[in-house]
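Below is one structure, written out as structure tokens, with a few remarks after it.
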Amino acid sequence: MKVLLQRVTGASVSIGGEVVGKIGRGLVGFIGVAGGDSERDAQYLVRKVVNLRIFSDEGGRFNLSALDIKGELLLVSQFTLLADTRKGRRPSFVDAAPPEQAERLFECFVREAKATGLKVETGRFQQYMQVEIHNDGPVTISLDSEAHIQGSGGVGKSADGDKVNPAPGSGADIL
């Protein structure tokens with residue numbers, strides 16, 4: 003699962019000219035679900051998103067999280083984050099989850115985000131949307147659950163999808 007995260011002073015998502023989600027200061031998260039993803043990926047990334055210290059404190063340092071500032075979240079499903087552009091000029095989306103799985107895991111992500119107590123707004127799954135973002139900074143960060151442990155027993159996935167065991171003491175065994 004991938005999340006493209008943007009710190010914003012405000013953002014909205016519209017469908018056919020109608021605003022369906024709008025937030026003030028907080029984060030916009032574009033969520034891409036891969037075929038091998040599970041609820042564990044969503045849970046891990048929600049924890050990462052809401053606890054990532056990318057808001058400035060009084061001294062101007064990145065010391066505060068969305069939870070600390072009671073920020074708002076706008077979450078938008080975006081399968082194009084799974085684009086493979088290594089060959090040719092047309093992106094391939096074979097790594098993206100089928101729509102049913104992607105919708106289920108996106109909804110899981112939304113539920114987990116709402117459980118944090120933050121205000122959460124969303125776009126609509128599989129709809130053509132216009133997203134207006136007032137990027138603050140700009141601060142844009144890419145998160146990927148595949149870079150972290152995916153299963154039990156310390157087994158994760160390498161960049162090409164093969165299961166691997168992290169080296170002891172490498173830090174890769176810590177979520």
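For reference, each letter of the sequence shown is one residue, going 3 to 177 in this note's numbering.
No residue lacks a Cβ here, since even glycine has one placed at the ideal position from N, Cα and C.
Just so it is clear, the structure is predicted and the values come from calculations on it, not from any experiment.
Whole-Å CB distance - residue i paired with residue j, under 8 Å assumed
i, j, result
"residue 47", "residue 107", "Going by Cβ atoms, the distance from residue 47 to residue 107 rounds to 10 Å, so no, they are not a contact pair."
"residue 3", "residue 94", "No, residue 3 and residue 94 are not in contact; Cβ-Cβ is about 18 Å, not under 8 Å."
"residue 2", "residue 76", "Only positions 3 to 177 of the chain appear in this structure, which leaves residue 2 out of reach."
"residue 52", "residue 118", "5 Å"
"residue 13", "residue 134", "6 Å"
"residue 79", "residue 115", "13 Å between Cβ atoms; not a contact."
"residue 97", "residue 9", "At roughly 27 Å, the Cβ-Cβ gap does not stay under 8 Å, so residue 97 and residue 9 are not in contact."
"residue 150", "residue 11", "Contact doesn't hold; Cβ gap of about 30 Å is too wide."
Beta-carbon gap between residue i and residue j smaller than 8 Å
i, j, result
"residue 102", "residue 27", "no"
"residue 23", "residue 7", "no"
"residue 111", "residue 33", "yes"
"residue 99", "residue 36", "yes"
"residue 67", "residue 57", "yes"
"residue 65", "residue 49", "no"
"residue 69", "residue 120", "yes"
Residue i - containing alpha helix (DSSP H), residue span
i, result
"residue 101", "101-116"
"residue 120", "Premise fails: residue 120 is in no alpha helix (DSSP H) and is neither H nor E."
"residue 69", "68-71"
Helix, strand or coil at residue i [DSSP, three-state]
i, result
"residue 24", "strand"
"residue 11", "strand"
"residue 56", "coil"
"residue 95", "coil"
"residue 17", "strand"
"residue 155", "For residue 155, the pLDDT reaches just 42, beneath the cut-off of 50, and the residue's location in the model is therefore unreliable, leaving the point undetermined."
"residue 147", "helix"
"residue 39", "coil"
"residue 89", "coil"
"residue 127", "coil"
"residue 80", "coil"
Heavy atom of the ligand GTP within 7 Å of residue i beta-carbon
i, result
"residue 113", "This structure simply doesn't include the ligand GTP, nor any ligand for that matter."
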